[in-house]
Amino acid sequence: MNTRRETSTNSDRLQALAEFRYVLRRFLHFSEKAAARVGVAPQQHQLLLQVAGRPAGEPATVGYLAERLSLRHHSVVELSDRCVEAGLLVREPDPRDRRAVLLRLTPEGLRMLEELSDDHTRELHELGPQMIEALGRLVR
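The sequence shown runs 1 to 140 under the UniProt record's numbering.
Here it is in structure tokens:
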């Protein structure tokens, strides 16, 4: 049998989760619109971000990027093909593995990513406090 306190606690948790999802969705919606504004698909933006933002020494292989983007290998290949065709990425042979290729941002890809990153940082300054508050309510 649920007590009032358990029901209240569950209600508080659901409200916090709903608020967090709402603010997260607002940020993701912003991100989708920002990518479209500069002429790329949201997944292309995410690919560029993962290539540029990987840890030092981590090669930008298709396998690494598939893991980071939660995509299948062939989906990352198709996504990277579109970025290469758009002049945002180049493929280079992996000196450690002849079978693999590495992806690198072009100057245009870096320019676009920096513009998008500036926009996203500004948006996070706006939404961040709400996200932090909702997340804080969830992890207490």
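Built from N, CA and C at the ideal position, the CB exists for glycine as well.
8 angstroms contact criterion, which residue i and residue j should meet: CB distance rounded
i       : j      : result
Val-76  : Val-62 : 5 angstroms
Leu-113 : Leu-65 : About 14 angstroms; that fails the 8 angstroms criterion.
Residue(s) in a DSSP beta bridge with residue i
i      : result
Arg-91 : Leu-103
Neighbourhood of residue i by C-beta, 7 angstroms cutoff - its chain only, sequence neighbours within 5 removed
i      : result
Pro-42 : Ser-31, Glu-32, Ala-35
DSSP-derived helix/strand/coil call for residue i
i       : result
Arg-98  : strand
Arg-137 : helix
Closest residue to residue i among the options (Cα-Cα distance)
i       : options                         : result
Glu-67  : Val-84, Glu-85, Gln-46, Ala-56  : Gln-46
Leu-71  : Gln-44, Gly-136, Arg-13         : Gln-44
Gln-130 : Leu-24, Arg-13, Thr-106, Leu-14 : Leu-24
Neighbourhood of residue i by C-beta, 6 angstroms cutoff - its chain only, sequence neighbours within 5 removed
i       : result
Gly-109 : Leu-48, Leu-88, Leu-89
Spatial neighbours of residue i in its chain, beta-carbon cut-off 8 angstroms, leaving aside the 5 residues before and after
i       : result
Arg-26  : Leu-127
Val-101 : Thr-61, Val-62, Arg-91, Glu-92, Pro-93, Asp-94
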